[in-house]
Each structure stands twice: as C-alpha cells, then as structure tokens.
Ligand code: PGA
Ligand code: ZN
C-alpha cells in the first residue's frame with residue numbers, strides 16, 4: 037500500500053482531447069497528488085515522422101476529425117493508466133515510466149498510445165515539481181541545471197511543412213554568437229523581421245508555415261540561403277560568427293527506391309554520394325553549422341560516408357534515423373552515422389527514455405538538440421528539458437506563433453530566474469564559409 041503520509045502520491049489522472057497548432061486533436065493530461073498539487077502536460081505531433089517512432093494512438097473513426105481523434109487514448113489514460121499509477125509516488129519518475137511501459141506491453145507503445153503515455157509521464161514530472169515547489173528544470177535533473185540552449189529558429193519552411201516547391205523542410209537561423217539567451221532571441225527575431233522585408237521586396241509572399249517560418253515560393257536551396265544571408269546582413273549581423281544557418285532537409289521526404297529527388301517534378305535522381313557533394317558545396321558557400329537528416333532515415337551507409345566526409349566541418353544531426361531511441365543512438369555512435377542527435381520526447385514516449393537517449397549521446401561526445409514537433413501545443417516542457425539536461429541547443433521554430441513562442445518565452449523566464457548562474461555558450465566554432 038502507498039504511504040498515506042507521502043504528499044507526492046498520485047491520487048488521480050485525468051485527460052482531455054484538445055487541439056494542436058494545426059487544428060488536429062491531441063492529448064492533455066492532469067495528474068493530481070495527495071497533497072493537492074496538480075501537474076498538467078499536453079503532447080505534440082509530427083508531420084514528417086520517422087518510420088521507427090513510438091506509435092501515437094488515433095481513433096480511426098472517420099466521422100470525427102477524419103479519423104484523427106484521440107478519444108481512445110484519453111480513455112486509456114482515465115481507465116487503465118489511472119488504475120496503474122494511482123497510489124504511486126510522482127517523485128519516482130523512473131518507476132512510473134517503467135510501469136507505463138510494462139502496462140502497455142508493446143515495443144512501440146502503440147497499445148495504450150505513445151501520446152497517452154508521454155502526456156502522463158510529463159504531467160507526473162510537473163506534479164512532482166509543483167509539490168516540491170521547484171521549477172520543472174530542477175525537478176528533471178536536480179540543482180546543477182544552468183545552461184541555456186542556443187535556439188535553431190526555422191525561418192523558411194519547405195518540404196512537408198509548406199505547399200511551396202522547396203525540397204528541404206527547414207532553413208534555420210542560429211544566433212549562436214550572442215552573449216545570452218535573451219540576446220540570441222532578439223537577434224533571431226530581428227533577422228526574422230529583416231527576412232520578411234527582404235522577401236516582400238522581391239515580391240515573395242510572407243505567409244508562414246507550420247513552424248512559423250515563411251513559406252515563399254522559392255526555386256532552390258541556393259535562393260533560400262542567399263535570402264537568409266541577405267537578411268542576417270540587413271539586420272546588422274555578421275553571417276557565420278554571429279548568426280549562422282542550419283538545415284533540416286528531412287531527406288526521407290524526397291527519397292524513394294530510385295534515390296533522392298531535389299526538384300518539384302522529381303525527375304532528377306541522385307545517390308547519397310551526389311548529395312554529400314552538394315552539401316560540401318553549400319558548406320563552402322554558406323555559413324552552415326548544422327545539417328539534420330541530410331540523407332534518408334535508413335541510408336546507414338550514406339550516413340557513415342557523410343559523417344566521415346563532412347563530420348569535422350559541420351554538425352550532422354540524426355532525427356528520423358535515431359528517433360530518440362537510446363539503442364539506435366548507441367548503434368549510430370558505434371557506426372559513425374552522425375555526430376549529433378535530435379531529441380523529441382514523443383518519438384520515444386516517456387521522460388525517462390528521453391533522458392536516457394540524451395545521456396547516451398552526451399556520453400559519446402555527441403551534441404544534443406531538444407526539439408518541438410511541427411504540430412505543437414502551448415506546453416513549454418521542452419524548454420525546461422533543454423536547461424535540465426544542458427543540451428546546448430533547442431529547435432522550437434520561428435519567433436512567430438504562440439505555440440513556438442511558449443518555449444522561447446519560457447527560456448527567457450528561466451534565464452532571468454537563474455540570474456548570474458545562467459550560462460549561454462555556442463557549441464559551434466565561429467565559422468564563416470571558406
Ligand atoms: P515533424 O518535423 O515534427 O513534422 O516530424 C520536424 C523535424 O523533422 O525536425
Ligand atoms: Zn528533422
């Protein structure tokens with residue numbers, strides 16, 4: 037029996053179906069403790085999901101939200117999950133996450149749903165933080181957390197996040213030369229506004245995509261990078277040392293059995309060696325510090341080739357390839373498939389597994405980037421997670437759209453709260469294109 041005197045004992049778990057930033061249903065959870073503390077959390081959803089991600093549960097009932105409802109996931113939380121964790125101690129995150137995984141019983145968390153499990157896992161951490169009256173980042177990893185992440189801000193959207201002709205999904209700006217997070221955010225916002233002016237002047241539209249970046253009809257990767265460099269300069273910054281560029285081609289989305297296709301019509305065809313050559317050329321021309329998913333998620337040989345060719349010049353990030361899975365990251369480290377990993381809690385399904393993925397990567401000397409999803413909520417959990425783990429980098433979209441700003445504004449608050457103890461440090465060498 038649970039110790040009745042322990043205030044952090046879970047007394048009830050409650051859930052709702054809410055909407056995410058794309059207007060599709062997602063899960064929201066409240067965990068209530070014996071001492072009256074409440075922790076809530078909601079979970080995001082991707083559009084360019086990796087094939088090996090933990091499985092979110094959707095109703096499949098075509099008469100509601102085209103089958104994307106999450107009423108079954110909500111019912112799993114208020115039924116089976118509530119039954120399993122009620123009476124457990126919210127301060128024991130690892131024990132609760134293990135129990136959730138065991139009750140689910142599948143390898144991909146698909147029976148109860150990774151969306152259901154993650155929402156509960158995150159809400160448990162918040163409830164424990166609330167009970168202990170400590171900020172969430174201290175609850176996640178104790179007192180040593182003080183490093184603010186460098187933001188990777190998606191300012192031009194293509195691929196599956198926009199309806200334009202750009203093959204690459206994300207063109208990001210990285211204000212890594214700033215002296216603190218607040219300054220980095222200001223630089224990022226100033227470049228974002230300068231980019232809007234630059235686009236307008238050229239007659240491009242400034243409507244935004246899912247992550248708040250602009251989605252102009254640009255012809256090529258070159259054009260997008262040229263416009264960003266122009267905007268960085270127009271905003272008064274030095275491209276490279278002050279504000280650099282990061283790419284997420286999300287190459288699985290333009291890859292099929294024939295190879296990689298970079299044009300709209302898809303008539304061109306390239307193999308991984310061609311693509312690596314293109315990237316090398318772009319590294320020569322533009323101040324690019326990071327390339328994520330430069331090749332397709334299962335192109336293991338290509339990834340190793342790319343890491344040995346470019347890994348000393350640029351951060352190479354695996355997202356779809358590793359899906360925040362500690363075992364996949366371990367394999368990737370052994371085979372040299374990247375030198376950095378994207379961390380998305382909903383790819384793996386619990387806070388404990390997410391922390392383990394970060395630990396494995398950091399122990400191998402890999403960089404870690406905590407990331408949002410393209411379908412988000414106003415939940416800012418990943419901001420605290422980034423500080424708690426000293427991840428060094430966060431990807432939370434453009435400085436636009438409330439669900440993106442929720443993360444950046446939370447980081448402003450954390451930096452203010454940490455005061456003199458806050459550290460902001462660029463993980464990149466101050467490179468300009470050679
Ligand atoms: P997603 O994309 O959230 O739509 O899966 C984000 C990414 O690829 O980094
Ligand atoms: Zn990605």
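In my numbering, the protein residues as written are 37 to 470. Every residue gets a Cβ at the ideal spot worked out from N, C-alpha and C, and that includes glycine.
Beta strand (DSSP E) containing residue 431: first to last residue?
-> 428-431
Who are the near neighbours of residue 49 in its chain, counting only those whose CB is closer than 8 Å to its CB and skipping five residues on each side?
-> 65, 66, 67, 68, 113, 114, 117, 118, 121, 122, 156 and 159
Which residue's Cα is closest to the Cα of residue 354: 347, 329, 367 and 370?
-> 329
Entirely enclosed alpha helix (DSSP H) segments - the region 219-272, minimum 4 residues | 257-270
Would you check if the region 247-255 and the region 318-326 touch, i.e. whether three or more CB-CB distances between them fall below 8 Å?
-> no
In the DSSP assignment, find the unbroken beta strand (DSSP E) run with residue 351 in it and report its ends.
-> 351-354
Whose C-beta lies closer than 7 Å to the C-beta of residue 43 among residues of the same chain, with five residues either side of it excluded?
-> 69, 70, 71 and 167
Per-residue burial, residue 333 [other beta carbons within 10 Å of its own, 16 or more giving buried] = buried
Where does residue 144 fall in DSSP's three states?
-> coil
For residue 78, which residues does DSSP report across the bridge?
-> 64
Reference residue 52; option with closest CA among 239, 87, 79 and 45 = 79
C-beta contact flag for residue 405 and residue 378 at 7 Å = yes
Quickly, what does DSSP pair residue 134 with across the bridge? List them, please.
-> Answer by DSSP bridge pairing: none, since residue 134 is not bridged.
Can you tell me the Cα-Cα spacing of residue 420 and residue 447, whole angstroms?
-> 7 Å
How long is the line joining the alpha carbons of residue 232 and residue 46, rounded to whole angstroms?
-> 48 Å
Could you check what DSSP says for residue 45 in three-state terms: helix, strand or coil?
-> strand
Host beta strand (DSSP E) of residue 284 (start-end) = 280-284
Sorted by chain position, which residues of the same chain lie with C-beta nearer than 6 Å to residue 431's C-beta, five sequence neighbours on each side aside?
-> 188, 405 and 407
Return the residue from the list 263, 278, 180 and 362 that minimises the CA-CA distance to residue 239.
-> 263
Measure from the alpha carbon of residue 163 to the alpha carbon of each residue in 295, 125, 331 and 148, then state which is nearest.
-> 125
Alpha helix (DSSP H) runs contained entirely in the region 290-347, provided each spans 4 or more residues | 308-321 and 336-346
Return the chain-ordered ranges of every alpha helix (DSSP H) run that is complete within the region 359-397 and spans a minimum of 4 residues.
-> 362-371 and 381-384
Leaving aside the five residues before and after residue 524 along the sequence, list all residues of the same chain whose C-beta is less than 6 Å from its C-beta, in chain order.
-> What is shown of the chain runs 37 to 470, which leaves residue 524 out entirely.
Under the criterion of a Cβ to heavy atom distance below 6 Å, does residue 329 qualify as lining the ligand ZN?
-> yes
Return yes when the C-beta of residue 82 is under 6 Å from any heavy atom of the ligand PGA, and no when it is not.
-> yes
My understanding is that residue 436 touches residue 228, with C-beta atoms under 8 Å, so please give their C-beta distance in whole angstroms.
-> 7 Å
Exposure label - residue 97; buried when at least 16 CB within 10 Å | exposed
In the DSSP assignment, find the unbroken alpha helix (DSSP H) run with residue 113 in it and report its ends.
-> Run containing residue 113: none; DSSP gives neither H nor E here.
Near residue 371, which residues of its chain fall below 7 Å by C-beta distance, leaving aside the five closest residues on each side in sequence?
-> 336 and 340
Tell me, to the nearest whole angstrom, how far the beta carbon of residue 410 is from that of residue 82; I am working on the premise that it is less than 8 Å.
-> 6 Å
Coarse secondary structure for residue 210, derived from DSSP in three states | strand
How long is the line joining the alpha carbons of residue 194 and residue 169, rounded to whole angstroms?
-> 42 Å
Please go through the same chain and pick out, in chain order, the residues whose beta-carbon is closer than 6 Å to the beta-carbon of residue 136, but skip the five residues on each side of it.
-> 153
Pull up the distance between the alpha-carbon of residue 73 and that of residue 138, whole angstroms please.
-> 26 Å
Can you name, in chain order, every residue of its own chain whose Cβ lies under 7 Å from the Cβ of residue 108, other than the five neighbours on each side?
-> 93 and 95
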